[in-house]
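Input: a single structure, listed below in structure tokens.
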Amino acid sequence: MQKTIERIAGDSEGVAYEFPVFRFEGADKSAPTAYLQAALHAGELPGVVAIDALMPMLTKAEAESRIRGAITVVPWANPIGRAQYHFGEHQGRFNLGTRTNFNRAFPLLAAPHAELLPDVSLGGADRRLKHRLVELSLGRDIVLDLHCDDEGLAYLYIHASLWPAMADCAAAMGVDAVLLWNEDSSGTFEGASIMPYQNVPASVSRFDRRVATTVEYRGMLDVDGALAASDAQGLYRLLVTRGVVQDPSVLKASSFTGAVVPLENIDMMPSPRAGAILYDVKPGDRVAKGDRLATIVHAPGEVGGRTEVFAPQSGFILTRRSRRIIRAGEDLLKLAGDKRSDDARSGTLED
Ligand SMILES: [Zn+2]
């Protein structure tokens with residue numbers, strides 16, 4: 023295993039950002055290759071600790087000459103966001119200088135060729151970081167971007183072109199749900215990892231071995247040793263299932279039994295009022311149309327000071343907020359509906 027330090031120039035004199043990259047060389051040039059990164063939203067740490075638990079497994083595999091395809095691992099993908107504190111609170115989702123989401127504005131290339139990447143030498147540090155992350159991952163058969171939600175189940179975003187081909191991966195990882203999407207107009211890292219393969223010859227796209235996904239490892243507070251160990255097992259099982267690592271002791275996962283939900287079915291449930299949230303439901307709960315999801319206490323102690331929110335359709339709760347304070351119009355939760363949502367915002371990649 024080789025460790026290198028990447029360096030991203032900052033936007034003012036004396037400022038630069040660094041992050042480590044770990045590379046395992048593959049013994050078989052024809053074997054599938056993999057790229058894993060975590061904490062692109064810099065405060066989302068379940069994936070970071072999963073990688074921490076995965077690394078000894080990869081190191082052992084390397085010592086026993088069982089790594090077939092090259093593997094690149096970036097445990098801290100966002101040193102810019104990592105360093106952002108605002109009045110003592112960490113802010114890892116948006117670049118404070120540009121207000122751009124760190125998981126947006128990635129270049130969506132027409133083909134998987136690094137020479138198509140735009141010149142970002144004067145584009146700002148976050149664009150230089152994104153440029154470099156795409157360079158590091160481009161051409162890898164398997165690209166995993168490890169995130170988490172606020173409070174939630176373990177689920178994957180997967181482009182429809184990779185489903186059901188990636189069902190073995192979802193089973194190997196043991197996630198609860200898969201969200202299928204079709205369009206990315208905003209340039210997520212996942213979009214940058216799959217859109218370049220949509221209009222190229224089959225000999226390049228290789229959909230039989232391609233994997234690209236945003237992994238949502240539950241919630242912000244699910245940074246836990248036991249979860250990290252089981253998530254690392256899931257990642258390792260995926261690498262074995264797809265032939266990147268050889269390990270006869272790993273049993274192939276049975277077929278995927280979790281929920282498969284088109285993104286159009288997700289109801290984001292905007293809060294009708296500002297106030298304090300009293301939830302009736304938590305992630306994983308099954309709800310019927312008309313069930314109460316939450317009560318917003320907007321005028322405490324006053325008659326009519328509570329507003330209830332009901333399920334617009336039947337389905338299950340995928341995520342909810344970890345904080346209980348909300349403004350009108352902010353999303354209360356994600357309801358994975360049994361049918362298409364009436365909410366016009368549904369269908370876009372949320373992470
Ligand atoms: Zn995220």
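My numbering puts the first residue of the sequence shown at 23, with every later residue one more than the last.
Glycine included, each C-beta is placed from N, C-alpha and C at the ideal position.
Only a predicted model underlies this, so the values are computations on that prediction, with no experimental measurement involved.
Quiz prompt | Contact shell at 6 angstroms, judged by CB to any heavy atom of ligand 1, ordered along the chain | solution = Going by the Cβ distance cut-off, the answer is His-63, Glu-66, Asn-125, His-169 and Asp-373.
Quiz item: With distances taken from CA atoms, which of Leu-175, Pro-334, Val-331 and Gln-220 is nearest Asp-198?
Solution: Taking the first residue of the sequence shown as position 1, residue 198 is located at position 176. Among Leu-175, Pro-334, Val-331 and Gln-220, the Cα nearest to that of Asp-198 is on Leu-175.
Quiz prompt | Nearest neighbour of Met-195, chosen from Ala-136, Leu-260 and Ser-277 [CA to CA] | solution = Taking the first residue of the sequence shown as position 1, residue 195 is located at position 173. Check the Cα spacing between Met-195 and each of Ala-136, Leu-260 and Ser-277: the tightest is with Leu-260.
Self-check item: C-alpha gap between Arg-355 and Arg-342, whole angstroms
Solution: The count along the sequence shown starts at 1 and reaches residue 355 at position 333. The count along the sequence shown starts at 1 and reaches residue 342 at position 320. Before going on, a small fix: residue 355 reads as Leu here, not Arg. In this model, Leu-355 and Arg-342 are separated by some 4 angstroms (Cα to Cα).
Practice problem: Out of Val-142, Tyr-57, Ala-92 and Gly-65, point me to the one whose CA is closest to Ile-30's CA. | Solution: Against the sequence shown, residue 30 aligns to sequence position 8. Comparing Cα-Cα distances from Ile-30 to each of Val-142, Tyr-57, Ala-92 and Gly-65, the minimum goes to Val-142.
Practice problem: Please list, in chain order, all residues of the same chain as Asp-50 whose beta carbon is under 6 angstroms from its beta carbon, the five residues on each side excluded. | Solution: Along the sequence shown, read from residue 1 onward, the residue named residue 50 stands at position 28. The answer, listed in chain order, is Arg-90.
Quiz item: Between Ala-56 and Val-70, which are expected to be in contact by the criterion C-beta below 8 angstroms, what is the C-beta distance as a whole number of angstroms?
Solution: The residue you call residue 56 lines up with position 34 of the sequence shown. The residue you call residue 70 lines up with position 48 of the sequence shown. Contact flag wrong, Cβ pair sits at about 17 angstroms.
Quiz item: Assuming Leu-166 and Leu-285 make a contact with CB atoms under 8 angstroms, what is their CB distance in whole Å?
Solution: Position 144 of the sequence shown holds residue 166. Position 263 of the sequence shown holds residue 285. By a beta-carbon distance limit of 8 angstroms, Leu-166 does not contact Leu-285. Their separation comes to about 19 angstroms.
Quiz prompt | Given Pro-305 as reference, the closest of Ala-105, Asn-123 and Glu-173 once Cα atoms are compared | solution = Taking the first residue of the sequence shown as position 1, residue 305 is located at position 283. The option with the nearest alpha carbon to Pro-305 is Glu-173.
Exercise. Can you give me the start and stop residues for the alpha helix (DSSP H) that His-153 sits inside?
Key: For the purposes of this step, residue 153 is identified with residue 131 of the sequence shown, where counting begins at 1. For His-153, the enclosing alpha helix (DSSP H) stretches over residues 147-159.
Quiz item: So Ala-214 and Pro-129 are in contact, right, with Cβ under 8 angstroms, and what is the actual spacing, rounded?
Solution: Counted from its first residue, the sequence shown places residue 214 at position 192. Counted from its first residue, the sequence shown places residue 129 at position 107. At roughly 6 angstroms, the Cβ-Cβ gap stays under 8 angstroms, so Ala-214 and Pro-129 are in contact.
Exercise. Quick one: which unbroken alpha helix (DSSP H) runs of 4-plus residues sit fully inside the stretch 90-127? Chain order, please.
Key: Correct list: 101-104.
Exercise. Can you say whether Gln-220 is buried or exposed, counting buried as having 16 or more other CB atoms within 10 angstroms of its CB?
Key: In the sequence shown, the residue the question calls residue 220 occupies position 198. Residue environment: Gln-220 is assigned as exposed (fewer than 16 neighbouring CB atoms within 10 Å of its CB, all protein chains considered).
Quiz item: Where do the N-terminal and C-terminal ends of the alpha helix (DSSP H) with Pro-42 fall, by residue?
Solution: Residue 42 sits at position 20 when you count from the first residue of the sequence shown. According to the DSSP assignment, Pro-42 belongs to no alpha helix (DSSP H) but to the beta strand (DSSP E) extending over 38-46.
Exercise. Inspect the beta-carbon positions of Ile-384 and Gly-241 and report whether they are closer than 9 angstroms.
Key: Because the chain in this structure spans residues 23 to 373, residue 384 falls outside the shown range and cannot be described.
Self-check item: Sufficient close CB pairs (3 or more, under 8 angstroms) joining the stretch 94-113 to the stretch 142-162
Solution: Counting Cβ pairs under 8 angstroms, three or more are found: they touch.
Exercise. Just mark Ser-159 as buried or exposed, buried being the case when its beta carbon has 16 or more other beta carbons within 10 Å.
Key: On the sequence shown, residue 159 is found 137 positions in, with the first residue counted as 1. Burial state of Ser-159 is buried, judged by a 10 Å Cβ sphere holding 16 or more other Cβ atoms.
Quiz item: From this set, Thr-263, Ile-347, Asn-125 and Gln-255, which residue's C-alpha is nearest Leu-300's C-alpha?
Solution: For the purposes of this step, residue 300 is taken as residue 278 along the sequence shown, with counting starting at 1. Just measuring C-alpha positions, the residue of Thr-263, Ile-347, Asn-125 and Gln-255 sitting nearest Leu-300 is Ile-347.
Practice problem: Classify Thr-263 as helix, strand or coil using the three-state DSSP reduction. | Solution: Position 241 of the sequence shown, counted from the first residue, corresponds to residue 263. Helix, per DSSP.
Exercise. Could you round the C-beta distance between Tyr-179 and Leu-201 to whole angstroms and report it? I think they count as a contact, below 8 angstroms.
Key: To locate residue 179, count along the sequence shown from 1; it is residue 157. To locate residue 201, count along the sequence shown from 1; it is residue 179. Contact between Tyr-179 and Leu-201 holds, since their C-beta atoms are separated by about 5 angstroms, short of 8 angstroms.
Quiz item: Any idea what DSSP makes of Ala-241, helix, strand or coil?
Solution: Counting from one through the sequence shown, the residue named residue 241 turns up at place 219. The question names Ala, yet the displayed sequence has Gly at residue 241. Strand at Gly-241.
Exercise. Taking Gly-297 as the reference, give the member of Glu-212, Arg-314 and Pro-322 with the closest Cα.
Key: Within the sequence shown, the letter at position 275 stands for residue 297. Among Glu-212, Arg-314 and Pro-322, the Cα nearest to that of Gly-297 belongs to Pro-322.
Self-check item: Distance CB(Ile-164)-CB(Arg-231) smaller than 9 angstroms
Solution: Within the sequence shown, the letter at position 142 stands for residue 164. Within the sequence shown, the letter at position 209 stands for residue 231. Taking 9 angstroms as the cut-off, the beta carbon of Ile-164 is found closer than this to the beta carbon of Arg-231.
Quiz item: Which whole-angstrom value is the C-beta distance of Ala-254 and Met-79, which I expect to be below 8 angstroms?
Solution: Here the question's residue 254 lines up with position 232 in the sequence shown. Here the question's residue 79 lines up with position 57 in the sequence shown. Between Met-79 and Ala-254 the Cβ distance is about 6 angstroms, and since that is below 8 angstroms, they are a contact.
Self-check item: Where the beta strand (DSSP E) through Leu-315 begins and ends
Solution: For the purposes of this step, residue 315 is identified with residue 293 of the sequence shown, where counting begins at 1. Looking at the DSSP string, the run of the beta strand (DSSP E) that includes Leu-315 is 314-319.
Practice problem: Return the first residue and the last residue of the alpha helix (DSSP H) that Phe-211 is part of. | Solution: The residue given as residue 211 occupies position 189 in the sequence shown. Residue range 211-216 is occupied by the alpha helix (DSSP H) that includes Phe-211.
Practice problem: Compare the beta carbon distance of Asp-373 and Thr-263 with 9 angstroms and say whether it is the shorter of the two. | Solution: Along the sequence shown, read from residue 1 onward, the residue named residue 373 stands at position 351. Along the sequence shown, read from residue 1 onward, the residue named residue 263 stands at position 241. No, the Cβ-Cβ distance between Asp-373 and Thr-263 is not below 9 angstroms.
Quiz item: Since Arg-308 contacts Phe-338 with CB under 8 angstroms, what's their CB separation in whole angstroms?
Solution: In the sequence shown, the residue the question calls residue 308 occupies position 286. In the sequence shown, the residue the question calls residue 338 occupies position 316. Arg-308 to Phe-338, Cβ: 5 angstroms. Contact.
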